[in-house]
Amino acid sequence: MAFSSTLFSPHVRFTTNQHQHSNPNPKIHRLNNRRALTVTALGADTFDGTTLAVIGGSSVAAIAAAISLADPEKRRQLQAEEVGGGDKEVVREYFTNDGFQRWKKIYGDTDDVNKVQLDIRIGHAKTVENVMQMLTDEGSLRGVTVCDAGCGTGLLSIPLAKEGAIVSASDISASMVSEAQSKAKEALQGKDDVHIPKFEVSDLESLNGKYDTVVCLDVLIHYPQSKADGMIAHLASLAENRLILSFAPKTFYYDLLKRIGELFPGPSKATRAYLHSEADIERALQKVGWKIRKRGLTTTQFYFSRIVEAVRA
Numbered sequence: 001m002a003f004s005s006t007l008f009s010p011h012v013r014f015t016t017n018q019h020q021h022s023n024p025n026p027k028i029h030r031l032n033n034r035r036a037l038t039v040t041a042l043g044a045d046t047f048d049g050t051t052l053a054v055i056g057g058s059s060v061a062a063i064a065a066a067i068s069l070a071d072p073e074k075r076r077q078l079q080a081e082e083v084g085g086g087d088k089e090v091v092r093e094y095f096t097n098d099g100f101q102r103w104k105k106i107y108g109d110t111d112d113v114n115k116v117q118l119d120i121r122i123g124h125a126k127t128v129e130n131v132m133q134m135l136t137d138e139g140s141l142r143g144v145t146v147c148d149a150g151c152g153t154g155l156l157s158i159p160l161a162k163e164g165a166i167v168s169a170s171d172i173s174a175s176m177v178s179e180a181q182s183k184a185k186e187a188l189q190g191k192d193d194v195h196i197p198k199f200e201v202s203d204l205e206s207l208n209g210k211y212d213t214v215v216c217l218d219v220l221i222h223y224p225q226s227k228a229d230g231m232i233a234h235l236a237s238l239a240e241n242r243l244i245l246s247f248a249p250k251t252f253y254y255d256l257l258k259r260i261g262e263l264f265p266g267p268s269k270a271t272r273a274y275l276h277s278e279a280d281i282e283r284a285l286q287k288v289g290w291k292i293r294k295r296g297l298t299t300t301q302f303y304f305s306r307i308v309e310a311v312r313a
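First residue of the sequence shown: 1, per UniProt numbering; consecutive thereafter.
This is the structure:
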């Protein structure tokens, strides 16, 4: 599941004074707090609601003042009460129902996407490309067992299977799993020496078994650091040799963007978002006897993801 949904409201677009590109160079488009920032609430022609507002200006201080008037925590509490639980239940509900339709479109190949959605699609595809490069750098994946934890619509599982890996994939959303199964069958059925991934509906806590490699992309954003530590330990216990994680990096500017997005929840409520510092992720890995061997970063204008590959220390 992609994490950008939780950082940016489905009704908010962030634009800078830089030209936008369909495939931006991360070095050119690295976000920083020196740029002018405009926040635009998009109308029905781009997402699914009426036009809300336009907040113009280049002053981060002015935006921060507006944020102080919002009460996103109250909205989160009401959201959790509606589905009868905490973060996990909210995530399951969102990505099984309203959120699934939005992300199915973003993850797909339809042209019916706006610039923000296209940018997120490009960013996520780049993350998958970077992870595949990390994995294949060590040699062939043929016969290698891989757990794709939080598989979404199968955008990593399918290329893993094409490379000969034996993939076990799971997602908390039954809708996502169904879509992943359909895509995998279409892409892989009838191909020689290719194992169609085994998909199941499961949260991360319920995963078991042993795998050569465990990959968890864009899921830790749904866990506060206190719970992320335990989840990283659990995922590491499933991996024999490699663990690859991606997460939204915790910086002042990214945290500000997240809080701006919370000002405009819209009718399709997004899930709670948690940013993580690389130091905290590294500490959690070290705690269970793992160390970071490779690091990567994917950034576009609306998508940012830190990637780490860990091995046993």
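We put the beta carbon where it would ideally sit given N, CA and C, even for glycine.
- Taking the Cα positions, D111 is about 43 Å away from Q286.
- Taking a cut-off of 8 Å on C-beta distances, the stretch 197-208 touches the stretch 144-152, as three or more cross pairs fall below it.
- At a Cβ-Cβ threshold of 8 Å, A233 and V144 do not count as neighbours.
- Q189 counts as exposed, since fewer than 16 other C-beta atoms from the protein chains shown sit within 10 angstroms of its C-beta.
- Contact between the stretch 301-313 and the stretch 238-249 is present: 3 or more CB-CB pairs across the two stretches fall below 8 Å.
- If you check the CB distance, Y107 and R121 come in under 8 Å.
- The straight-line gap separating the alpha-carbon atoms of M231 and S157 is approximately 21 Å.
- With a contact defined as Cβ atoms closer than 8 Å, A310 and R293 qualify at about 7 Å.
- Out of F95, K227, S168, the CA that lies nearest to the CA of L238 is found in S168.
- Using a Cβ distance threshold of 8 Å, K105 and E179 do not count as a contacting pair.
- A149: member of the beta strand (DSSP E) spanning 145-149, first to last residue.
- The secondary-structure analysis by DSSP pairs A310 across a beta bridge with L243, I292.
- Non-local C-beta neighbours of K183 in its own chain, meaning closer than 7 Å and more than five positions away in sequence, comprise T153, G154, I158, ordered along the chain.
- In terms of Cα proximity to D192, the closest of Y254, L220, H276, R142 is R142.
- In the structure shown, F252 falls within a helical segment according to DSSP collapsed to helix, strand and coil.
- In the displayed model, E200 falls within a strand according to three-state DSSP.
- Comparing C-alpha distances from A313 to each of L275, A236, V194 shows the shortest one belongs to A236.
- No Cβ-Cβ contact shorter than 8 Å links V90 with C147.
- The C-beta distance from A273 to I221 rounds to 5 Å, short enough to fall under 8 Å.
- For S168, the uninterrupted beta strand (DSSP E) segment begins and ends at 166-171.
- Nearest in C-alpha terms to F302, of all of D87, K115, Y211, is K115.
- Here D119 is near T300, since their CB atoms are less than 8 Å apart.
- Just so you know, the alpha carbons of R259 and S170 end up roughly 30 Å apart.
- For T96, the closest alpha carbon among the candidates N130, A174, L207, L160 is that of A174.
- Taking the C-beta atoms as reference points, P249 is found no nearer than 8 Å to L217.
- In the DSSP assignment, T127 falls within the unbroken alpha helix (DSSP H) covering 115-136.
- In this chain, D109 is not harboured by any alpha helix (DSSP H), its DSSP state being neither H nor E.
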